[in-house]
Every structure is written in structure tokens, then in C-alpha cells.
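Trainee:
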């Protein structure tokens with residue numbers, strides 16, 4: 030009887046334990062995997078929001094085990110995300126690119142490459158490109174991170190590259206990023222700074238170039254025994270070269286001289302050539318690599334022989350115009366060209382009889398000798414014409430801007446002021462000027478304090494009621510597109526506008542194209558923001574026309590991208606002193 034009871038209980042227990050398996054439907058492996066990715070993305074976003082700035086390798090791991098009926102366990106592959114900025118800080122999330130096709134991103138970035146983006150455009154582009162996120166549909170994480178690194182290098186974002194390396198420990202293009210930083214330091218003739226970058230080189234980076242530089246840094250720091258050890262390992266792996274062995278042996282004191290050959294295949298070899306070749310002399314040309322030009326200039330290795338170097342100077346002018354050579358160097362060479370006293374006295378009348386390069390040098394020296402602001406600005410404009418004539422204006426634009434700023438627009442004769450003002454290259458990274466509030470105009474009123482200063486919402490609502498009422502009494506007041514941009518943002522942020530302000534009716538004349546609205550419906554926030562970068566293009570935000578300002582802020586409102594929208598409002602709407 031006891032045995033029967035025992036068997037009965039055992040059978041019942043087995044039934045209860047396994048009944049969930051019998052009643053469970055067949056598992057769709059790929060569906061499960063998709064859900065796992067979504068779940069991981071959401072939890073990752075929460076983690077980023079809670080932890081502030083993400084550090085370390087930022088690896089998002091999907092490691093939940095999926096059990097199939099035959100008891101085979103599959104562990105979902107880990108997914109990596111790379112970036113610098115927290116997406117939540119800009120109202121974005123890890124899936125900001127997930128609904129965008131890879132070709133859409135590639136095509137958009139190619140179009141942007143053809144535009145000389147303003148600082149405003151670049152700032153927005155950096156946010157959407159460098160925030161942590163999953164790659165677009167159809168793009169591997171390897172390509173996505175390479176795209177980020179390539180953009181950073183092309184735009185010479187040295188500080189951002191360092192930030193990227195600090196926040197992302199392992200990624201496919203790491204050696205390329207580190208080598209760029211190293212080469213930038215060598216090109217600036219700052220070897221100590223370059224050696225500091227080897228902190229980013231870890232055991233997982235197997236790059237001969239960086240290993241060679243690391244060995245040189247040990248020699249530079251007089252740690253020859255450590256350098257010799259690493260050099261032996263490099264040779265055992267057949268990663269050294271005849272040239273490198275020749276130069277490093279000399280620096281280690283193992284040989285008394287080098288073969289004196291100059292190697293310009295890469296910057297490290299060229300640098301080693303310059304410090305180990307007796308009577309080093311290198312003739313750079315228009316084909317010389319930009320980083321070598323930069324090093325030659327920084328190390329003061331460009332020599333100008335007036336008697337034999339007119340053609341050489343022309344090559345240097347072209348190189349400077351193509352951003353291969355520091356433009357200041359050209360003006361230093363202009364000063365070295367000798368002219369007799371009669372040429373300098375009559376420069377204004379005789380410069381046209383000279384060769385183009387000599388003419389520029391003569392007018393430049395005449396400018397330096399000028400005592401009055403009127404004469405200075407006159408010769409600066411003559412010099413501008415000469416640079417334009419030779420298609421070398423890139424050499425001169427920044428120089429002209431700085432010289433005008435030194436003189437001061439207010440110190441110039443009236444007839445020159447407008448032209449001179451147009452030649453000043455504004456640095457929009459600087460503050461545009463102090464904001465002046467004007468309550469007679471909606472988009473210039475102190476309502477803006479909410480966006481500019483973070484004014485208390487109750488106080489802002491009182492200002493809204495007061496200022497809108499005041500404006501409505503002016504029958505001649507015209508509601509501008511900028512006013513609508515402000516109103517749209519206020520409504521989106523939960524403020525109440527007076528009933529007699531018919532925003533919906535007023536905004537009907539500004540229609541958003543259907544293709545952009547479709548991007549909003551598809552939750553393609555990042556891609557639509559990229560479209561906004563294209564719209565802003567070469568202009569600073571405050572230079573945009575009122576309709577475009579409304580258009581941009583309205584799109585950002587529809588996507589709930591309030592942080593970027595606020596940047597646009599603060600730049601575009603206020604009046605500044």
C-alpha cells in the first residue's frame with residue numbers, strides 16, 4: 030500500500046514538473062532573439078540615463094540563454110555600442126538609427142562632405158553621429174565605428190578622438206585613431222605629447238607602426254634596456270624594417286652612423302630621418318604629404334634661399350592654399366624678399382610690373398610700413414585682389430580678417446567699413462553678444478529667459494500673458510515666422526497662450542514636406558536631424574531666414590528633441606548687443 034502511494038505521488042510530481050513543457054508552444058528562435066535585442070536596448074538606455082556619462086567599453090551584452098525542446102542552449106551574441114555622448118542628454122536613445130537604412134546614412138554623409146558646414150551644423154552633427162547607439166539597419170558595428178573614426182579624423186577633432194578612446198576600450202579602428210593622434214603630435218614637433226598617447230596602446234593592438242613609435246618613446250625617455258627588449262620582440266615577429274633598424278640602432282648607441290637615407294613613406298620614418306641624418310635637407314613639393322609639410326614647418330626645417338627659391342616659394346604658396354602648410358610661413362617668406370627703397374616708396378604704382386609672387390611680397394611689405402589705418406586697409410585690399418587673381422585666396426582670408434579686427438572697424442574711414450566688415454571671419458564658438466530683451470517683439474521678449482536662463486515656469490507664464498496681451502493691442506503688429514517658432518516651443522513645453530492667438534491658423538502657411546513627416550512617423554529621429562544639418566548647411570543658425578528657423582524648430586518639436594531645439598532658439602531668436 031505504501032509502495033503504491035509512493036508511486037502515485039512520484040507520478041503526480043513528474044506530471045506537475047513537466048506539464049509546462051508539454052503545454053508550451055514551439056519557440057521561434059529568431060523571434061526570441063529579436064525580442065531579446067529590444068529588451069536589451071531598453072534596459073541599456075535606462076542604465077545610461079541612470080549612470081550619467083558612460084565609461085569603459087560600453088558593451089551591451091545579450092546573454093540570456095534560449096532553450097529549445099532538444100535542450101540545446103544558445104547564448105545570444107553580445108552587441109557593442111560605441112560613442113562619446115549620452116543619447117538621453119539630447120532626448121535620443123540607443124535605437125536612434127535602428128529604423129534608418131545603412132545606405133540612407135552613407136548617402137547623407139556623402140552629401141554633407143560637399144558642404145562647408147558651419148559651427149552650428151557641425152555641433153548638431155557631432156551629437157547625432159557620436160552619441161552611443163546601435164548602427165543603422167544593414168550596417169555592421171565595425172562599419173559604424175569606422176564611419177565615426179573616419180569622420181573625426183577627417184575633421185581633425187583631436188579632443189573628441191581622445192574622448193572616444195577614453196570611453197571605448199576596444200573597437201576595430203582603434204589603432205587608426207591612436208596613430209592619428211601620434212602623427213598629429215609628431216607633425217607639431219611635440220614628441221613628448223606624442224609619447225603620452227601610447228597610453229592608448231594596449232596588448233590587444235598589434236600594429237607595427239605604433240609598436241615602433243612605442244620603442245622610440247622608450248629611447249626618447251632614456252629607457253634603452255626596455256626599448257631593446259621590445260625591439261628584439263618586434264624583430265622576432267618580422268615586424269621591423271631595414272630602415273627602422275638602422276635608425277634605432279644609431280639612437281641606442283649600437284652603431285656610430287646611419288646610411289643617411291631619407292624615408293618619407295610615413296611620418297615616423299620621416300621624423301627619424303630628420304633627427305638621424307647628418308646635414309638633413311629635404312625638398313618638399315606639392316606632392317608632399319600634408320603631415321610632412323606640417324612637421325617641416327613646426328620643426329623649422331623649411332629654408333628659403335631668396336636667390337634660388339622663387340619657384341620654390343610658388344610651390345609653398347600652393348601648399349598653404351591647400352592647407353598643407355601653415356599660412357603664416359608664407360608671410361614670413363614675403364618679408365625676406367629684398368626690395369630697393371624706390372620700389373617700396375612707389376609700390377602702389379609699380380607692383381603690377383612684378384612677378385605675381387613678388388608683387389604680393391612688395392604690397393605686404395608696403396602694408397607693414399604703412400602708418401595710417403587708411404593706408405593699411407587700402408594695401409590689405411590690394412593684396413586681397415592679388416591673392417584672388419592667383420586663386421590663392423585661402424592663404425589670405427584669415428590673415429585679412431585678423432588684420433581688420435586689429436585695426437577695428439570703427440577706426441576705418443566710412444567708405445571702407447562695410448567692405449571690411451564683410452571680410453571678418455566670425456568665430457561662432459565665441460559668445461554672439463549679450464542678449465537684449467525687447468518686450469515689444471514676441472521673439473525678442475523676456476519670455477526667452479525660459480530658454481536662455483531656465484526661468485521659473487510660473488514666472489514665464491505670467492510674462493507670456495502680459496507680453497502677448499501687450500502685443501495684441503498693437504493693430505499694426507505682424508506675427509513673424511520667428512514669433513511662431515517661439516509660440517510652437519512654448520505650446521510644446523506646456524505653456525498656455527492667449528485664446529486670441531490663433532497659432533494653428535497662423536502656422537498653416539508653413540507646411541512641412543511629406544517625406545520629412547514620414548521620417549517622424551517612422552521614428553527616424555537621428556536621420557531627420559541629419560536632414561536638418563543639411564538644411565542649416567553653411568549658415569550659422571542666427572543667419573537663417575525666419576521661415577527656415579520656424580521650419581527647423583517645428584521639426585525638432587515634433588520629434589521631441591528639446592535640447593537641440595533650445596540651442597536653435599537661443600541662437601536664432603534673441604537680439605544681441
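Numbering (our numbering), first residue to last: 30 to 606.
Glycine included, C-beta positions come from ideal geometry on N, C-alpha and C.
#1: Grab the span of the alpha helix (DSSP H) containing residue 151 for me, first residue to last.
#2: How many whole angstroms separate the CB atoms of residue 329 and residue 355, which I take to be in contact at a CB cut-off of 8 Å?
#3: By DSSP's criteria, residue 250 is part of a beta bridge. Which residues make up the other side?
#4: Alpha carbons only, please: which of 487, 426, 569 is nearest the one belonging to residue 349?
#5: Would you decide whether residue 293 is buried or exposed? Buried here means 16 or more other CB atoms lie within 10 Å of its CB.
#6: Out of curiosity, what's the CA-to-CA distance linking residue 109 and residue 201?
#7: In terms of DSSP beta bridges, what is residue 114 paired with?
#8: Using a Cβ-Cβ cutoff of less than 8 Å, which residues in the same chain neighbour residue 586 once the five nearest sequence positions on both sides are dropped?
#9: CB residue 182 to CB residue 203, shorter than 8 Å?
#10: Run the CB neighbour count on residue 397, radius 10 Å, all protein chains shown included, and call it buried at 16 or more, exposed below.
#11: Among 395, 413, 402, 428, which residue has its Cα nearest to the Cα of residue 441?
#12: By alpha-carbon positions, which one of 418, 478, 406, 436 ends up nearest to residue 444?
#13: Cα separation between residue 346 and residue 193?
#14: Distance check for residue 498 and residue 527, CA to CA, integer angstroms please.
#15: In the DSSP assignment, what residue or residues form a beta bridge with residue 521?
#16: Please name the residue or residues paired with residue 166 in a DSSP beta bridge.
#17: Roughly how many angstroms lie between the CA atoms of residue 364 and residue 358, to the nearest whole one?
#18: So, with DSSP's three-state summary, where would you put residue 353?
#19: Find out if the Cβ-Cβ distance for the pair residue 590, residue 120 is shorter than 8 Å.
#20: Measure the alpha-carbon distance for residue 550 versus residue 385 and round it to whole angstroms.
#21: Helix, strand or coil for residue 332, going by three-state DSSP, please let me know.
#22: When you compare the CB positions of residue 216 and residue 296, do they come within less than 8 Å of one another, or not?
#23: By the three-class DSSP mapping on this structure, what secondary structure does residue 241 have?
#24: Assuming residue 303 is part of the alpha helix (DSSP H), what are its boundary residues?
#25: Taking the straight line between their C-alpha atoms, what separation do you get for residue 562 and residue 174?
#26: Whole angstroms is fine: what's the gap from residue 387's alpha carbon to residue 371's?
#27: Only counting the same chain, and skipping five residues up and downstream in sequence, which positions put a Cβ closer than 6 Å to that of residue 118?
#28: Answer yes if the stretch 538–558 comes into contact with the stretch 569–587, meaning at least three C-beta pairs across the two stretches below 8 Å, and no otherwise.
#29: Can you list, in chain order, the residues of its chain whose CB lies under 8 Å from that of residue 463, leaving out five sequence neighbours each side?
#30: So, is residue 319 buried or exposed, given that buried needs 16 or more other C-beta atoms within 10 angstroms?
#31: Compare the beta carbon distance of residue 147 and residue 568 with 8 Å and say whether it is the shorter of the two.
#32: Using the DSSP secondary-structure output, state which residues sit across from residue 605 in a beta bridge.
#33: Please report the straight-line C-alpha distance between residue 429 and residue 132, rounded to a whole angstrom.
#34: Based on Cα-Cα distance, which residue from 212, 250, 287 lies nearest to residue 322?
#35: Taking residue 386 as part of the alpha helix (DSSP H), name the residues at either end of that continuous run.
#36: List the endpoints of the continuous alpha helix (DSSP H) containing residue 539.
Mentor: Let me spell this out:
#1: 148–159
#2: The Cβ separation is near 11 Å, so there is no contact.
#3: BP columns for residue 250 are empty, so no partner.
#4: 426
#5: exposed
#6: 11 Å
#7: 160
#8: 517, 518, 521, 594
#9: no
#10: exposed
#11: 402
#12: 406
#13: 35 Å
#14: 8 Å
#15: Residue 521 pairs with nothing; no bridge assigned.
#16: 130
#17: 10 Å
#18: coil
#19: yes
#20: 59 Å
#21: coil
#22: yes
#23: helix
#24: 296–305
#25: 21 Å
#26: 15 Å
#27: none
#28: yes
#29: 605, 606
#30: exposed
#31: yes
#32: 464
#33: 42 Å
#34: 212
#35: 385–398
#36: Taken as a continuous stretch (DSSP letters only), residue 539 belongs to no alpha helix (DSSP H), as it is neither H nor E.
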